[in-house]
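Engineer: My structure is below; once you've seen it, I'll send some questions.
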Amino acid sequence: MKLNQYFLCIIMLWLSGCTWVETTKEGGEVFLVKSYNVQSCQHLGSTRSTVKHEIGPITRSEDKVREELVTLAKNRAADMGGDSIVAAGPATDGSMTFDIYKCGDSPQTTSD
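For the sequence shown, our numbering gives the first residue as 5, with consecutive numbering after it.
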């Protein structure tokens with residue numbers, strides 16, 4: 005029985021480091037920027053990204069969770085015609101809200 009629990013823990017730890025969300029081609033062209041970079045941009049709306057932050061008793065890496073939340077937001081922004089996103093607050097329990105903007109062909113942006 006202990007051997008099964010050991011292997012289960014190993015698998016859970018391994019899965020907690022995996023990236024489950026893939027960037028679309030269009031999402032790869034969206035920038036995560038600070039709010040001062042979008043002052044002259046058109047606000048298109050917002051999106052709330054949600055991913056698993058825990059797998060069973062294992063809490064996933066905050067950096068990995070945030071990376072996936074940003075990826076989901078970039079993909080959604082691209083679907084809405086946006087080219088920039090701004091985090092509207094911190095990630096909490098695997099969720100994060102982003103504002104979506106259209107800044108034009110060459111946004112003057114600084115990545116986060």
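Backbone N, C-alpha and C fix where the C-beta goes; we use that ideal spot for every residue, glycine too.
Express the C-alpha separation of isoleucine 62 and alanine 82 in angstroms, rounding to a whole number.
Structural biologist: Rounded to whole angstroms, alanine 82 to isoleucine 62 spans 32 Å at the Cα level.
Engineer: Suppose contacts are defined by Cβ-Cβ distances below 9 Å. Is methionine 84 in contact with threonine 54 by that definition?
Structural biologist: In this structure, threonine 54 does not lie closer than 9 Å to methionine 84 by Cβ.
Engineer: Helix, strand or coil: how does DSSP classify glycine 49 here?
Structural biologist: Looking at glycine 49 - three-state DSSP - the assignment turns out to be strand.
Engineer: Closest by CA to threonine 27, which one among Arg80, Pro94, Asp103?
Structural biologist: For threonine 27, the nearest C-alpha among the options comes from Arg80.
Engineer: I'd like to know whether the C-beta atoms of aspartate 87 and phenylalanine 35 end up nearer to each other than 9 Å.
Structural biologist: Yes, they are a contact pair.
Engineer: CA-CA distance, arginine 64 and glutamate 58?
Structural biologist: Each residue's alpha carbon lies about 6 Å from the other.
Engineer: State the Cα-Cα distance for the pair leucine 48 and glutamate 66, rounded to the nearest angstrom.
Structural biologist: Approximately 28 Å, taken between the alpha carbons.
Engineer: Between threonine 101 and glycine 31, how many whole angstroms is the CB-CB distance? I'm expecting something under 8 Å.
Structural biologist: The Cβ separation is near 17 Å, so there is no contact.
Engineer: Curious, which full-length alpha helix (DSSP H) runs of at least 4 residues does the segment 34-100 contain?
Structural biologist: Segments of the alpha helix (DSSP H) lying fully in the segment 34-100: 66-83.
Engineer: Just to confirm before moving on: does the CB-CB distance between serine 39 and cysteine 107 stay below 9 Å?
Structural biologist: No, Cβ-Cβ distance for serine 39 and cysteine 107 is not below 9 Å.
Engineer: Rounded to a whole number of angstroms, what is the C-alpha to C-alpha distance between valine 42 and glutamate 33?
Structural biologist: Rounded to the nearest angstrom, the two C-alpha atoms are 16 Å apart.
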